[in-house]
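Please read the structure below before turning to the comments.
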Ligand code: 2AM
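Numbering (this note's numbering), first residue to last: 67 to 288.
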């Protein structure tokens, strides 16, 4: 059945294949387990949570949600702006069901979310909606000046009461700071890569070796 004859999904995106989902979850858990024991993290704990006296168990703090994926277009069953236009894009129709290699290049943690940055290739950018970054400007003004694909991420967990789309905003905020020339405070060289602090509880681990994740371009009706 051609896509235009079916109703529109909740969202389109790349869904990580099962084996790699486990690997990414483990990497994320290892990172969280290490991060909350670091002196630097403890030093900045008041930026992370208002309960400054307490320790934070990051593995408990974030709740995992469903199958790991990188959203391309949130369609809300057709109610979202540009949903039909996206579904009708030739690239979307042609590549639906194909498996891609996503490159997860960094992990980031904020008081709201934990996620993985996805660095999209030229081919993968053909599936990226042109307005994805601009849609975020009411939350992250500098998003308008960031390159297409900057918002691409895999949500690994959200703090209680936080909506998943927050992960992309948190990533854009960090990338906007980098674009302004703030390199972050280099905190430590970890086994996984270098960890930098961007203030306000925002942490970025640039992976020494990006994780290559096989993912199927598809959609979720939910
Ligand atoms: P996420 O991509 O940051 O994880 C279902 O809710 C999926 O669509 C989630 O993966 C979620 O966030 C994403 N999502 C929800 N609302 C969105 C929105 N308004 N814009 C973009 N993505 C959204």
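Glycine residues also receive a C-beta, built at the ideal position from the N, C-alpha and C atoms.
In this text, all values refer to a predicted model and were calculated from it rather than measured experimentally.
Checklist entry - Any idea what DSSP makes of residue 141, helix, strand or coil? => result coil
Checklist entry - Buried or exposed: which applies to residue 165, given that a residue is buried once 16 or more other Cβ atoms fall within 10 Å of its Cβ? => result exposed
Next on the checklist: Rounded to whole angstroms, what is the Cα-Cα separation between residue 78 and residue 151?
Outcome noted: 13 Å
Next on the checklist: Please report the straight-line C-alpha distance between residue 80 and residue 228, rounded to a whole angstrom.
Outcome noted: 22 Å
Checklist entry - On the three-state DSSP scale, how would you describe residue 156? => result helix
Item to check | Closer than 6 Å to the ligand 2AM: residues, by C-beta to nearest heavy atom, in chain order | outcome: 76, 77, 137, 140, 221, 230, 231, 233, 234
Checklist entry - If you drop the 5 nearest sequence neighbours on each side, which residues of the same chain put their C-beta closer than 7 Å to that of residue 240? => result 174, 264, 268, 270
Checklist entry - Less than 7 Å separating the beta-carbons of residue 39 and residue 220? => result Outside the modelled stretch of the chain, which goes from 67 to 288, sits residue 39, for which no answer is possible.
Checklist entry - Mind checking residue 285: buried by the 16 CB within 10 Å criterion, or exposed? => result buried
Next on the checklist: Just to confirm, is the Cβ distance from residue 101 to residue 183 under 7 Å?
Outcome noted: no
Item to check | beta strand (DSSP E) segment containing residue 274, residue limits | outcome: 269-286
Checklist entry - Which of helix, strand or coil does DSSP assign to residue 127? => result helix
Checklist entry - Whose C-alpha, out of 231, 139, 223, is nearest the C-alpha of residue 195? => result 139
Item to check | Among 131, 167, 124, nearest to residue 176 - alpha-carbon criterion | outcome: 124
Next on the checklist: Can you find the residues in the same chain that come closer than 6 Å, C-beta to C-beta, to residue 192, ignoring five residues on each side of it along the sequence?
Outcome noted: 157
Item to check | Neighbourhood of residue 277 by C-beta, 6 Å cutoff - its chain only, sequence neighbours within 5 removed | outcome: 170
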